[in-house]
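In full-length UniProt numbering, the protein residues as written are 1 to 770.
Written out as C-alpha cells, the structure reads:
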C-alpha cells in the first residue's frame, strides 16, 4: 500500500512538472495494480488530454464510468470535474491561460452532457474561462464560447454573479471589441448590470475606443445606446451618442441628441456645452439662421455668467467639453476682441480643473537632466530663473533640442498633409523628434500615418487616455511640446493643460485654445492683425514670412468633367468647397449675388453636411433672390484627397468662406493654379487665405468687405484674361514663393524653437534677476 501511495505521489509530481508522458505511464501502472481506484483514471485522462490526445482521454474516463454502478456515476463525474477545475486553476496561477481556457471548455462540455447542474453554475464555469483567457484565446475562440454564454444569459434569471460578469465583459470588450458577437454579449449582460454605473463605465470606454481608435462610429452609437438604456440621462453616454452620430454623418440625429442633452442640463457648464452642440449640428443641417444666432447669444451669456461666478473645481468630464464649447462661434462672427477674452477665461477655469484631475496620475515634476548633470538647478528658491554655469550652458548650446509633436491627425488628414514638410526637413543634428499619436487608429492602412512613424526618432501610439500620454511625455522630458490639435480634440487639450514641457506651443490645427499653460501661438505678419496680442493669452510668435509652407500636393487624374454636370465649355464655373460649418448664411447670399451679375455662370457646392438640408437651403435662397436653382450643382465626396485636388480644376474661380476661411482647401486651390476670392477679417480663421495669397504674391481676389467680395467675383467671372494671368502667376509661384518653400520655412520654425528655448533657459536682463 505504501508503495502505491509513493507511486501515486510520483505520478502526480510528474504531471505537475509537465512530464506528461512519464505521468501517463505511471498512472497506467497504478490502474493495472488498483483498477478500482477511479482517481487514477481521471489523472491518466488528464495527462493524455494535455498531450493533445483528446480521444484517448475520453476513452480512459469512460472506461471508469462504464464499470461503475449507475447510481454512482454522478458522484464520479463530479470527481472528474474537480480534477479538471483544480488543474485549470493551477494553470491560471502559472499564467498558462490557453491551457486553462481549454480545460474549462472541457468542464463545460462535461457539465452539459452529464450533470444536471444549475444553469448559473455552467455559466460561471464559462465566465471563469473567459476571465482567465488571454488575448489570443479570445480572438480565436470568442464566438463559440460567447454563444454558449449568450444562450445561458438569455435563459437565466438575474441571479448571476454580477461582479464576475462585469470583469468578463471588460475583458471581452478590450480584446474582441469589433467582433459582432461582442455587442450582443454586452446587450445580454444588461439585465445583470448591478451597479448600473459600473457597467455604464465599461461600455463608455468601449464606445470611445470604437469611435476614436477603431473608427467604428455605428458600433459606438450602439454601445452609447446600451449605456442610455441603463441610465437614460448619463451625461457622458449622451455626449458619446452625439459624437457618434456626428462621425457617422447622421446630422439630424446628432441635432436631436444635442437637444436631448440640453433638456437634461441643470448647471451653467452643462447648458453651455449643450448649446455649443446644438450650434454645431444646426450649421450642418441648415437650420434657421436666426435661430442659430439666438442659440449662440444664449451660449455666450451662459459662459459669461459661468466665468463670473464659478469658484469650484469642475469634474474633468465637464471641463474638457466646456473648453471646446465656444469654438463654434468662429463660424458665426468675426469678433476676436469679444471671443478671445472669453475663451481665455474659460480655458483658465478648465485648466485648473483638468490639472486637478490628471496630476494624480503623473510622477513628481522633474528638473531637466541638463541641469541635474551639472549639479545645479535652473530655478532659485524663490522660483525665479537662474543663470546656468558656463559648463551647463555649453551643454545647452550644443545638444539637440527634444521637440515633441502631439496630434490625433498625423495621417491622411488636413493637419497630416500640412505638417509633414516640417518633420521631413528637420535638422536632425539640432533636433530630436518625438511623435505622440493620440487616438491612434490601428485598423487604418494609411501610408502617411506610417510615414510619420518613420520620421520620428521616437514615436508612441496611444488610445484615448490622456493620463497615459501625459505620463510618457513627462518621462521623455521634452524641451518643447508642439500641439497640432488645439480645440479640435479634448484629449490633446488635457495633455497640454498639464504643462509637461518647459516650452509649449500651438501650431496649425485651429485657433489658439487660450490655455494658460501654452506659451506661444505660431503666426506670421498676415494671419493675425497687429493688435491681436491684446486679446491672446499666448504670446504670438510671428514667423518672418508664413506660418505654414508645403512642398506641394499629390494630384490624381480628374474624375469630374463639365459635360457630366451639363455645363457648357464656355460657362463660368464658381466652386464653394467647404464643410457645412463654414457655410455662413450671409456669405452664401454674396455668392448668389455674384451669380446674378455674371451671365452663364454656375456655382458648384461641395462639402461635408446634410446633403438634403444643404440643397433645400440653397434652393430657398435662390428662390428668394431670383436666381435659377438650375445654376447650382451639388458635388459628391471623392474617394481620395488626390482625386479631390484633381477635380478642383473644373472651377474657374473658387469662392472662399467667411468668417471662417479655408486652410488646406486654399493651399490646394492655389497649388492647382485656380484664382481664389477671399474676404479678410480680424480673427485667425478669417485671415488664413489672406496670408496664403500674400505668400504667393497675389493680391487679386483679396476683399476687405462684402461689397469687394462680390465685386471681385464679378470681375474675375467677367475677365478670362485676368483669370489666366493669375493662374500663370500661381504656377510660377511654385518656384520661389514662401508658401511652397517648406525647407526655408522649417529653418525659420527651428530658429523660433531655439529662440524660445533660450528665452526659457537663460537669464533675461529685463527680468531683473540676480
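All residues carry an ideal CB built from backbone N, CA and C; glycine is no exception.
6 Å Cβ shell around residue i - same chain, five flanking residues per side excluded
| i | result |
| --- | --- |
| residue 379 | Confidence in residue 379 is poor, its pLDDT being 36 and thus under 50, which makes the residue's placement too unreliable to answer from. |
| residue 241 | 224, 257 |
| residue 509 | 415, 484, 485, 486, 488 |
| residue 292 | 282 |
| residue 297 | none |
| residue 271 | 265, 302 |
| residue 506 | 483, 486, 512, 518, 521 |
| residue 19 | none |
Rounded straight-line distance, which links the Cα of residue j to that of residue i
| i | j | result |
| --- | --- | --- |
| residue 351 | residue 492 | 12 Å |
| residue 33 | residue 203 | 57 Å |
| residue 66 | residue 78 | 15 Å |
| residue 454 | residue 737 | 29 Å |
| residue 235 | residue 633 | 40 Å |
| residue 348 | residue 684 | 20 Å |
| residue 226 | residue 217 | 14 Å |
| residue 519 | residue 755 | 13 Å |
| residue 523 | residue 303 | 27 Å |
| residue 15 | residue 196 | 44 Å |
| residue 584 | residue 730 | 28 Å |
| residue 429 | residue 540 | 27 Å |
| residue 62 | residue 215 | 51 Å |
| residue 671 | residue 179 | 43 Å |
Sheet register partners of residue i (DSSP bridge)
| i | result |
| --- | --- |
| residue 606 | 577 |
| residue 676 | 654 |
| residue 541 | 522 |
| residue 448 | Paired residue(s): none; residue 448 is not in a bridge. |
| residue 504 | 481 |
| residue 572 | 601 |
| residue 702 | 678 |
| residue 435 | 405, 459 |
| residue 734 | None; residue 734 has no bridge partner. |
| residue 91 | In DSSP, residue 91 forms no bridge with anything. |
| residue 361 | Note: residue 361 sits in no beta bridge, so no partner. |
Neighbourhood of residue i by C-beta, 8 Å cutoff - its chain only, sequence neighbours within 5 removed
| i | result |
| --- | --- |
| residue 452 | 410, 411, 416, 420, 423, 435, 437, 459 |
| residue 461 | 437, 440, 442 |
| residue 375 | Residue placement at residue 375 is flagged as unreliable, the pLDDT there being 36, under the threshold of 50; a coordinate-derived value is accordingly withheld. |
| residue 187 | 226 |
| residue 543 | 522, 523, 524, 745, 748, 749, 752 |
| residue 686 | 334, 658, 659, 660, 661, 679, 680 |
| residue 494 | 316, 320, 354, 358, 466, 470 |
First through last residue of the alpha helix (DSSP H) which encompasses residue i
| i | result |
| --- | --- |
| residue 211 | Segment: none, residue 211 is in no alpha helix (DSSP H) and carries neither H nor E. |
| residue 458 | Residue 458 -> not in any alpha helix (DSSP H); beta strand (DSSP E) instead, spanning 458-461. |
| residue 684 | Element bounds for residue 684: n/a, residue is neither H nor E. |
| residue 20 | 20-33 |
| residue 745 | 742-761 |
| residue 557 | Residue 557 -> no alpha helix (DSSP H), and no H or E assigned at all. |
| residue 52 | Per DSSP, residue 52 belongs to no alpha helix (DSSP H) and is neither H nor E. |
| residue 548 | From DSSP, residue 548 is part of no alpha helix (DSSP H); its letter is neither H nor E. |
| residue 510 | Note, residue 510: premise wrong, no alpha helix (DSSP H); not H, not E. |
| residue 195 | Counting along the chain, residue 195 falls outside any alpha helix (DSSP H), and DSSP gives it neither H nor E. |
| residue 582 | Note, residue 582: premise wrong, no alpha helix (DSSP H); not H, not E. |
| residue 233 | From DSSP, residue 233 is part of no alpha helix (DSSP H); its letter is neither H nor E. |
| residue 696 | Here residue 696 belongs to no alpha helix (DSSP H), and DSSP marks it neither H nor E. |
| residue 527 | Unbroken run through residue 527: none, as it is neither H nor E. |
| residue 614 | 611-625 |
| residue 772 | Outside the shown range of the chain (1 to 770) lies residue 772, about which nothing can therefore be said. |
| residue 165 | 162-175 |
| residue 476 | 466-476 |
Nonlocal neighbours in the same chain, by C-beta distance under 7 Å from residue i, ignoring five residues either side
| i | result |
| --- | --- |
| residue 569 | 562 |
| residue 643 | 556, 559 |
| residue 535 | 336, 337, 340, 341 |
| residue 221 | 241, 244, 245, 248 |
| residue 726 | 675, 698, 700 |
| residue 578 | 607, 657, 662, 665 |
| residue 694 | 526 |
| residue 8 | 30 |
Boundaries (first-last residue) of the beta strand (DSSP E) holding residue i
| i | result |
| --- | --- |
| residue 407 | 401-407 |
| residue 632 | 632-634 |
Near the ligand ATP: residue i beta-carbon under 7 Å from a heavy atom
| i | result |
| --- | --- |
| residue 163 | In the structure on display, the ligand ATP does not appear, and there are no ligands present to speak of. |
Let me know the alpha helix (DSSP H) ranges lying completely inside the segment 276-351, each 4 residues or longer, listed in chain order.
-> 289-309, 316-324
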